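Peer 1: What follows is a single structure, and I will ask about it in a moment.
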Amino acid sequence: MFFDFLPGVGHVGAHRGARTLAPENTMLAAELAVKMGANFWELDVNKVADGTLMVFHDDVLSRTTDVASNAGFTGIAPWATHEYSCKELQQLDAGSWFIEEDPYGTIASGEVSSATLDKMVGLQIPTLREALEFSRRHDLPVNVEIKDQLQSPGDLSIVDDVLKMAHETETEDLILLSSFNHDYLTRMHYLAPNMPLAVLAEKKHPDDIPGYLKLLGATGYHPAKDIIDPELVRDLASRGIKVNPYTVNDMDQAVSLINAGCFGIITDFVHKLRHRLSTQSSR
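Under our numbering, the letters of the sequence shown match residues 7 to 289, in that order.
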C-alpha cells in the first residue's frame, strides 16, 4: 500500500503536482513532479455533472481556466465546476493562465523552460482515470484528496466512485485518500478497510489526535503548516502516525519538520525542497 512504497521519513510530496513550474492539477504538473524527484504527488478530485471524476481543486472555474474568455462556453460567472460535463470542461484551456499570471515568479526567474511553456497552451483538465493511470505507469504514490461536494452535501457516492476507479486502474496500492470531509474517510474505511487514510486539518487540531484518527481508521495526519510544530510531530511520530503537513513552502520549516520525524512534506516547491535535502545530505 501507499506507505509501503515509501520507507522511512522525509518524503517530498508535490502539491497539485509541481504547481510552481506548471499549471496545478494538470498532467504536465504531474510529469514535472516526477522529473523534479517527488516521492509522491497530491491531487484534488471533484465529481461533475455527468458523474465523471475530474482532477480540479476549485468549486468554480474562473481561477485556473480560460472560461471567462472562451466564446464557446456557456453559463454565468464564476462558473460552478460541478454544473458541467467532462466533455464541456475539457474544452477549456487550463494551462495558458499560468503563462499570463506567472503566479510564483518561476517563469520570470528562468526556472521554467521554453519547451515547458509551449506545453502549457491548451492543457486540459484531466480525469481521475488519466491521473491514476499516470501513477500506475510511473509507480508513483498519489495522495487523492476528495473535495467536499458542496452541491450535494451528505452524498457519499463520490467515495464509492473513487474506489471503483482505483480498482479499474489497479492503483489501490498507490493511493492515500484524504479529505477535509471526514465522513468521506469513514465511508472509505467501511468500503475498503485496508485503504490508507489521512485526516486533513486546517485551523485547529482534533482534541485527541491519535484517538480521532483511530476512530476514523486513519494512519495519516495532514495538518496545515501554521498549526504544526516539531514537538507535536515528534509526539505523533512516536505513536506511529504518518504526519504530512501542507503546504510547506519555507524550506527551513520543511527541514525542521522532517528532522522531527515527518513522514513527508507537501510543498509547492518540489524542486527547491529536493535540492535543499540533497545539499543537506551531502554535507
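By construction, the Cβ of each residue, glycine as well, lies at the ideal position given by its N, Cα and C atoms.
Note that the structure is a prediction, hence the values are computed from the model and not measured.
1) Between Val61, Thr80, Arg135, which lies nearest to Ala100 when the distance is taken from Cα to Cα?
2) Alpha carbons only, please: which of Asp161, Arg135, Asp179 is nearest the one belonging to Val168?
3) Leaving aside the five residues before and after Lys93 along the sequence, list all residues of the same chain whose C-beta is less than 8 Å from its C-beta, in chain order.
4) Contact check, Gly43 vs Val15 under 8 Å by CB: the rounded distance?
5) Count the C-beta pairs between the region 24 to 38 and the region 280 to 287 that are closer than 8 Å, then say yes if the count reaches three, no if not.
6) Less than 8 Å between the beta carbons of Thr58 and Asp64, yes or no?
7) Compute the minimum distance between the beta carbon of Gln286 and the heavy atoms of the ligand HEM, and state whether it is under 7 Å.
8) Which residue wins for smallest C-alpha separation from His281, given the options Asp258, Gly267, Arg193?
9) What are the complete beta strand (DSSP E) segments, minimum 3 residues, inside the region 180 to 250?
10) What's the C-alpha gap between Gln157 and Val66?
11) So within the region 80 to 126, which uninterrupted alpha helix (DSSP H) runs reach at least 4 residues, ignoring any that extend past its ends?
12) Does DSSP classify Thr26 as helix, strand or coil?
13) Spell out the partners DSSP gives Leu49 in its beta bridges.
14) Between the Cα of Leu138 and those of Pro147, Ser244, Gln130, spot the shortest distance and give me the residue it belongs to.
15) When DSSP labels each residue in this structure, what does Met60 get in the three-state scheme?
16) Taking Cβ positions, are Leu263 and Ile234 nearer each other than 8 Å?
17) Suppose you measure from the CA of Asp72 to the CA of Leu27; what does that come to, to the nearest Å?
18) How many angstroms separate the CA atom of Ala172 from the CA atom of Lys220?
19) What is the rounded straight-line gap between the Cα of Glu48 and the Cα of Ile272?
20) To the nearest angstrom, how far is the alpha carbon of Asp145 from that of Leu180?
21) Let me check understanding here. Comparing Cα to Cα, which of Gly111, Pro229, Lys231, Gly267 lies closest to Asp241?
22) By the three-class DSSP mapping on this structure, what secondary structure does Thr133 have?
23) From which residue to which residue does the beta strand (DSSP E) around Thr20 run?
24) Using CA coordinates, which residue listed in Asp108, Ser141, Ile82, Tyr218 is at the minimum distance from Phe8?
25) DSSP beta-bridge partners for Thr273?
26) If we ignore side chains and look at the alpha-carbon of each, how far apart do Ile131 and Val205 end up?
27) Taking Val51 and Leu95 to be in contact with their CB atoms under 8 Å, please state how far apart those CB atoms are, rounded to whole angstroms.
28) Is Lys41 buried or exposed, if buried means 16 or more other CB atoms sit within 10 Å of its CB?
29) Report yes if the C-beta distance between Leu191 and Leu203 is below 8 Å; otherwise report no.
Peer 2: This is what the structure gives:
1) Val61
2) Arg135
3) Asp56
4) Not quite, the Cβ-Cβ distance comes to about 16 Å (not below 8 Å), so this is no contact.
5) no
6) no
7) Although the ligand HEM was asked about, the structure shown includes no ligands whatsoever.
8) Taking only the C-alpha atoms, the option nearest His281 is Asp258.
9) Runs of the beta strand (DSSP E) spanning 3 or more residues and lying entirely within the region 180 to 250 occur at 181 to 185, 203 to 207, 226 to 229, in chain order.
10) 12 Å
11) 92 to 95, 102 to 107, 120 to 126
12) coil
13) Val150
14) Pro147
15) strand
16) Yes, Cβ-Cβ distance for Leu263 and Ile234 is below 8 Å.
17) 19 Å
18) 24 Å
19) 8 Å
20) 7 Å
21) Gly267
22) The DSSP-derived three-state label of Thr133 is strand.
23) In the sequence as displayed, the identity of residue 20 is Ala instead of Thr. Run containing Ala20: 17 to 21, per the beta strand (DSSP E) assignment.
24) Ser141
25) Ala20
26) 26 Å
27) Not quite, the Cβ-Cβ distance comes to about 13 Å (not below 8 Å), so this is no contact.
28) exposed
29) yes
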